[in-house]
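Number of protein chains: 2
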Amino acid sequence: MIIDIHGHVSMPDEAWVYQANLVSNRARPWKDPGRPSDERIAEAAKGHIALLQKAGTDIQLISPRPFAMMHSIRPEKVVHHWIRYVNDLIAQKCRLFPEMFRGVAGLPQFRDTSPTNCLEELERCVKELGFIGCVLNPDPMEGDGPPVPGLGDEFWYPLYEKIVELDVPVLIHSASCVSPRESYTLHFILEESIAVIDLLESRVFEDFPNLKIVVSHSGGAIPYHMGRFRAWAIRNGEQPFDEQMRRLHFDTCNYSSEALELLFKVVGSPSCLFGTEMPGTGTVVDPGTARTFDDLRPVIESYDFLTPEDRDNIFFKNAQELYRV
Amino acid sequence: MIIDIHGHVSMPDEAWVYQANLVSNRARPWKDPGRPSDERIAEAAKGHIALLQKAGTDIQLISPRPFAMMHSIRPEKVVHHWIRYVNDLIAQKCRLFPEMFRGVAGLPQFRDTSPTNCLEELERCVKELGFIGCVLNPDPMEGDGPPVPGLGDEFWYPLYEKIVELDVPVLIHSASCVSPRESYTLHFILEESIAVIDLLESRVFEDFPNLKIVVSHSGGAIPYHMGRFRAWAIRNGEQPFDEQMRRLHFDTCNYSSEALELLFKVVGSPSCLFGTEMPGTGTVVDPGTARTFDDLRPVIESYDFLTPEDRDNIFFKNAQELYRV
Chain S
4 MIIDIHGHVS MPDEAWVYQA NLVSNRARPW KDPGRPSDER IAEAAKGHIA LLQKAGTDIQ
64 LISPRPFAMM HSIRPEKVVH HWIRYVNDLI AQKCRLFPEM FRGVAGLPQF RDTSPTNCLE
124 ELERCVKELG FIGCVLNPDP MEGDGPPVPG LGDEFWYPLY EKIVELDVPV LIHSASCVSP
184 RESYTLHFIL EESIAVIDLL ESRVFEDFPN LKIVVSHSGG AIPYHMGRFR AWAIRNGEQP
244 FDEQMRRLHF DTCNYSSEAL ELLFKVVGSP SCLFGTEMPG TGTVVDPGTA RTFDDLRPVI
304 ESYDFLTPED RDNIFFKNAQ ELYRV
Chain D
4 MIIDIHGHVS MPDEAWVYQA NLVSNRARPW KDPGRPSDER IAEAAKGHIA LLQKAGTDIQ
64 LISPRPFAMM HSIRPEKVVH HWIRYVNDLI AQKCRLFPEM FRGVAGLPQF RDTSPTNCLE
124 ELERCVKELG FIGCVLNPDP MEGDGPPVPG LGDEFWYPLY EKIVELDVPV LIHSASCVSP
184 RESYTLHFIL EESIAVIDLL ESRVFEDFPN LKIVVSHSGG AIPYHMGRFR AWAIRNGEQP
244 FDEQMRRLHF DTCNYSSEAL ELLFKVVGSP SCLFGTEMPG TGTVVDPGTA RTFDDLRPVI
304 ESYDFLTPED RDNIFFKNAQ ELYRV
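Heads up: the protein sequence lines correspond to chains S and D, in order.
Residue numbers for the first sequence follow the working numbering, so the first one is 4 and each next one is one higher.
Residue numbers for the second sequence follow the working numbering, so the first one is 4 and each next one is one higher.
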């Protein structure tokens, strides 16, 4: 059994056409574009499903394509309409392929606006569309100005309250980035690193003991710099950093074997969930293995140091427990 | 033989008093505070030298303490006076302990000002004070506003020209950070990650084939995310990412054994230089080993996969070649 907790929806061209128009006319005038037909959604899903089947994935959790979430595009109604539309596509895809896909909600976060603007859409996704998680972007400014407070700040509490009430896990995953110094793919890694440290230095897990957080891309930079933060925690009289890290979960969406080995050894299999982002950045053939970079199952199966229990934890058990898949 | 390329000057209290006054009165009025006596410098160096001797380090390269470089503090003459003062202390320490220390220049970078403001001080440090390298901060804004262009941008070219002319390596190392989301220690890691990618995506190494760059803290996040950037490079028709990475050098200033193992396996010993930052964040006892986190020699010596040649590369040969120590 393989559950891939980190996937994104594949969209037919009309979705991109709608997005381009929304950005261009700034949602004014706006009229509901309707939704693509089931046939079109199925067509767009074809390659996606073939990849997952080839990789042996049984279930994938899908959310909006993060780099296209547009959280910093003004005015707010652009992102409002767009995220609602994409969540509908996700629901449609899950309805058409109920064995394969589960929905994870995008949130209409808008620049430095309070995330209370997301509560209604999150509730709709979970209660009406049957979604089992949500994606949270720690930098809805997308690098376009001073960032909002870190995830440890009370700025986020109204959203955490709703998330805990609905009992869905959060996948930390930033969106695009306007800084010429940072591609979106690099921005993901940096924002995850900031999110991990900010959450662990905060009171969030005391105030929300049932908040379930999964950090994308194997925790950004942090598992690679454990020693630095272990030393920092001792210096500052904090709880041992390895114990702090156990408050979080991490996906395996990291495309090098040495790195996944490090992740499992450092944070342990109870904290790791299989995730590939397939199809995504890693869907390109690695000349070294002749498989795509995001075909992570053989990589994980090749590790002698993992017990069968570790493997089950990573491949499906932690996902079943966390997401109630 | 052990050469530690990543150390910082230990300062007597009067240096901190001077700094506090400079920040407080914004260098107005300013009068030259003189320099601490040789006795005071020697006294401040005592603990530092004892640590290095205990660790078996023969030579350490020392630069200003990065978190105290104040590159974003207004007005510019604050940083101008401060960096010049600290470089003098470094020179003084090197003169007093010529076997142990070599100087690495801090630069009076100022917010988004062109780095041409640094040329004179760099030249003074190399030609008059005998320094053998310099530290470069990719974010002299210290998070206080939109960042300057990435290190791949022509913004930096006047500085690169001078660096190549003087033939000294550059250690990439950011300073403090005003963002409440990022401690300076986390900011280091993020800025190094940005620097690596920005340099590799640029024409800098075509335009300055003799520019020698060492990235602190084992390359930030990048060696842990090699697969991601390998895939990205293939997608974008670039040179293989592993080859791109060979344009850079990386220090070993990473305090976990799994991470250093990954670094050596991924980038190879010809690209790695021993560096500890001792005394610094890692100078605290690791309860797991009963040694300080920054005592990295036994960690590196414990790896069976390194050949004697690899070890020599890491411990001193690469440093000798790059810095002409």
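A virtual CB, placed ideally from N, CA and C, is assigned to each residue, including glycine.
Would you please verify whether the beta carbon of Met-229(D) is less than 8 Å from any beta carbon of chain S?
On the second sequence, residue 229(D) is found 226 positions in, with the first residue counted as 1. Taking Cβ atoms only, chain S reaches closer than 8 Å to Met-229(D), which makes this a yes.
For Glu-126(D) versus Val-181(D), is the C-beta spacing smaller than 8 Å?
What you label residue 126(D) is simply residue 123 of the second sequence in a count that begins at 1. What you label residue 181(D) is simply residue 178 of the second sequence in a count that begins at 1. Not in contact: Glu-126(D) and Val-181(D) (Cβ atoms no closer than 8 Å).
For Arg-68(D) and Ser-179(D), the rounded distance between their alpha carbons:
For the purposes of this step, residue 179(D) is taken as the residue at position 176 of the second sequence. For the purposes of this step, residue 68(D) is taken as the residue at position 65 of the second sequence. Rounded to whole angstroms, Ser-179(D) to Arg-68(D) spans 10 Å at the Cα level.
Given Ile-65(S), which residues of its chain have a CB within under 8 Å of its CB, disregarding the five upstream and five downstream residues?
The sequence position of residue 65(S) within the first sequence is 62, counting from 1. If we look at Ile-65(S) and ignore the five residues flanking it on each side, its Cβ neighbours are Gly-10, His-11, Val-12, Ile-93, Lys-96, Cys-97, Phe-104, Arg-105, Gly-106 and Val-107.
List the residues of chain D that Ala-234(S) touches, going by C-beta distances under 7 Å, in chain order.
Here residue 234(S) refers to the residue found at position 231 of the first sequence. Per Cβ cutoff of 7 Å: Tyr-258, Thr-284, Gly-285, Val-287 and Phe-296.
Ends of the beta strand (DSSP E) at Ala-262(S)?
Locating residue 262(S) in the first sequence gives position 259, counting from the first residue. Per DSSP, Ala-262(S) belongs to no beta strand (DSSP E); it is in the alpha helix (DSSP H), 260 to 270.
Is the beta carbon of Val-217(S) less than 8 Å from the beta carbon of Pro-172(S)?
As a first step, residue 217(S) must be located in the first sequence, where it is residue number 214. As a first step, residue 172(S) must be located in the first sequence, where it is residue number 169. Contact flag set, yes.
Under 7 Å between beta-carbons, which chain S residues line up against Asp-201(D)? List them in chain order, please.
Taking the second sequence and counting its residues from 1, the one referred to as residue 201(D) is at position 198. The answer, in chain order, is Arg-184.
In three-state DSSP terms, what is Leu-174(S)?
Here residue 174(S) is taken as the residue at index 171 of the first sequence, counted from 1. Leu-174(S): strand per DSSP, three-state reduction.
Is Thr-1(D) close to chain S? Criterion is C-beta to C-beta, closer than 8 Å.
Not covered by the structure: residue 1(D). The range shown for chain D is 4 to 328.
Heavy atom of the ligand SAH within 7 Å of Tyr-21(S) beta-carbon
Although the ligand SAH was asked about, the structure shown includes no ligands whatsoever.
Does any C-beta atom of chain D lie closer than 8 Å to the C-beta of Arg-238(S)?
What you label residue 238(S) is simply residue 235 of the first sequence in a count that begins at 1. Cβ-Cβ to chain D under 8 Å: yes for Arg-238(S).
For Gln-112(S), count the other beta carbons within 10 Å of its own beta carbon; 16 or more makes it buried, fewer makes it exposed. Which is it?
Here the question's residue 112(S) lines up with position 109 in the first sequence. It counts as buried.
Please confirm whether Ile-317(D) and Leu-189(S) have their CB atoms less than 8 Å apart.
Here the question's residue 317(D) lines up with position 314 in the second sequence. Here the question's residue 189(S) lines up with position 186 in the first sequence. No.
From which residue to which residue does the beta strand (DSSP E) around Leu-66(D) run?
In the second sequence, counting from the first residue as 1, residue 66(D) sits at position 63. This sequence places Ser at residue 66(D); Leu is not what is there. Counting along the chain, the beta strand (DSSP E) containing Ser-66(D) begins and ends at 62 to 66.
What does DSSP give as the partner residues of Val-217(S) in its beta bridges?
Taking the first sequence and counting its residues from 1, one reaches residue 217(S) at position 214. Paired residue(s): Leu-174(S) and His-252(S).
Measure the Cβ-Cβ separation of Ile-52(D) and Ala-322(D) and say whether it is below 8 Å.
On the second sequence, position 49 is the one that residue 52(D) refers to. On the second sequence, position 319 is the one that residue 322(D) refers to. Result no, Cβ atoms of Ile-52(D) and Ala-322(D) do not sit closer than 8 Å.
Other residues of its chain near Thr-119(D): CB distance less than 6 Å, five sequence neighbours each side excluded
For the purposes of this step, residue 119(D) is taken as the residue at position 116 of the second sequence. Pro-161, listed in sequence order.
How about the region 41 to 56 of chain D and the region 306 to 317 of chain S: do they share at least three Cβ pairs that are nearer than 8 Å?
no
Can Arg-231(S) and Thr-295(D) be called in contact, C-beta distance under 8 Å?
As a position in the first sequence, residue 231(S) is number 228, starting the count at 1. As a position in the second sequence, residue 295(D) is number 292, starting the count at 1. Contact: no.
Hey, Ile-175(S) and Glu-157(S) are a contact pair by Cβ (cut 8 Å); roughly how many whole angstroms apart?
The sequence position of residue 175(S) within the first sequence is 172, counting from 1. The sequence position of residue 157(S) within the first sequence is 154, counting from 1. Between Glu-157(S) and Ile-175(S) the Cβ distance is about 18 Å, and since that is not below 8 Å, they are no contact.
Threshold first: 4 residues or longer. Then list the alpha helix (DSSP H) segments lying entirely within the region 181 to 231 of chain S, N to C.
187 to 203 and 207 to 210
If you compare alpha carbons, which of Gly-271(S), Asp-289(S) and Val-89(S) is closest to Phe-244(D)?
Locating residue 244(D) in the second sequence gives position 241, where the first residue counts as 1. Answer by Cα proximity: Asp-289(S).
Please list, in chain order, the chain S residues whose beta carbon lies closer than 9 Å to that of Val-173(D).
As a working mapping, residue 173(D) is identified with position 170 in the second sequence. The premise fails here: Val-173(D) is roughly 17 Å from chain S at the closest Cβ pair, so nothing lies under 9 Å.
Per-residue DSSP class, three states only, for Val-107(D)
Working through the second sequence from its first residue, we reach residue 107(D) at position 104. The answer is strand: DSSP assigns Val-107(D) an E or B state.
With a CB to CB cut of under 7 Å and the five nearest residues on each side skipped, what residues in its chain are close to Cys-121(S)?
Numbered from 1 along the first sequence, position 118 holds the residue referred to as residue 121(S). For Cys-121(S), where only same-chain residues beyond five positions count, the Cβ hits under 7 Å are Leu-110, Pro-111, Gln-112 and Leu-162.
Assuming Met-4(S) and Phe-319(S) form a contact by the criterion Cβ under 8 Å, report the distance between their Cβ atoms to the nearest whole angstrom.
Locating residue 4(S) in the first sequence gives position 1, where the first residue counts as 1. Locating residue 319(S) in the first sequence gives position 316, where the first residue counts as 1. 4 Å between Cβ atoms; contact.
Kindly say whether Glu-261(S), judged by its beta-carbon, lies nearer than 8 Å to any beta-carbon of chain D.
Reading the first sequence from its first residue, position 258 is the one you call residue 261(S). Answer yes: the Cβ-Cβ gap between Glu-261(S) and chain D drops below 8 Å somewhere.
Going by other Cβ atoms of all chains shown within 10 Å of its Cβ, with 16 needed for buried, is Val-270(S) buried or exposed?
Here residue 270(S) is taken as the residue at index 267 of the first sequence, counted from 1. Result: buried.
Would you decide whether Ser-221(D) is buried or exposed? Buried here means 16 or more other CB atoms lie within 10 Å of its CB.
On the second sequence, position 218 is the one that residue 221(D) refers to. Counting Cβ neighbours within 10 Å, Ser-221(D) comes out buried, since at least 16 surround it.
Nearest residue (CA-CA) to Lys-34(S), options Lys-57(S), Pro-15(S) and Val-81(S)
Position 31 of the first sequence holds residue 34(S). Of the candidates Lys-57(S), Pro-15(S) and Val-81(S), the one whose C-alpha sits nearest the C-alpha of Lys-34(S) is Val-81(S).
Output, in chain order, the set of chain D residues within a Cβ distance shorter than 9 Å of Glu-265(S).
In the first sequence, counting from the first residue as 1, residue 265(S) sits at position 262. The sequence given here has Leu at residue 265(S), not Glu. Within chain D, the residues near Leu-265(S) are Tyr-227, Ser-259, Glu-261, Ala-262, Glu-264 and Leu-265.
Could you work out which residues of chain S lie near Ser-117(D), taking near to mean beta carbons separated by less than 8 Å?
Sequence index remark: in the second sequence, residue 117(D) carries index 114 (1-based). Near Ser-117(D) there are no residues of chain S at all, since even the closest Cβ is about 17 Å away, more than 8 Å.
For the beta strand (DSSP E) that contains His-9(D), what are its first and last residues?
Along the second sequence, one-based indexing puts residue 9(D) at 6. Note, His-9(D): beta strand (DSSP E), 6 to 11.
Give me the Cβ distance between Leu-263(S) and Ile-303(S), rounded to the nearest whole Å; I'm assuming they're in contact under 8 Å.
Translated into the one-based positions of the first sequence, residue 263(S) becomes position 260. Translated into the one-based positions of the first sequence, residue 303(S) becomes position 300. The Cβ separation is near 7 Å, so the contact holds.
My output table needs one value for Gly-136(D): the three-state DSSP class, helix, strand or coil.
Along the second sequence, read from residue 1 onward, the residue named residue 136(D) stands at position 133. DSSP places Gly-136(D) in strand when its eight states are reduced to three.
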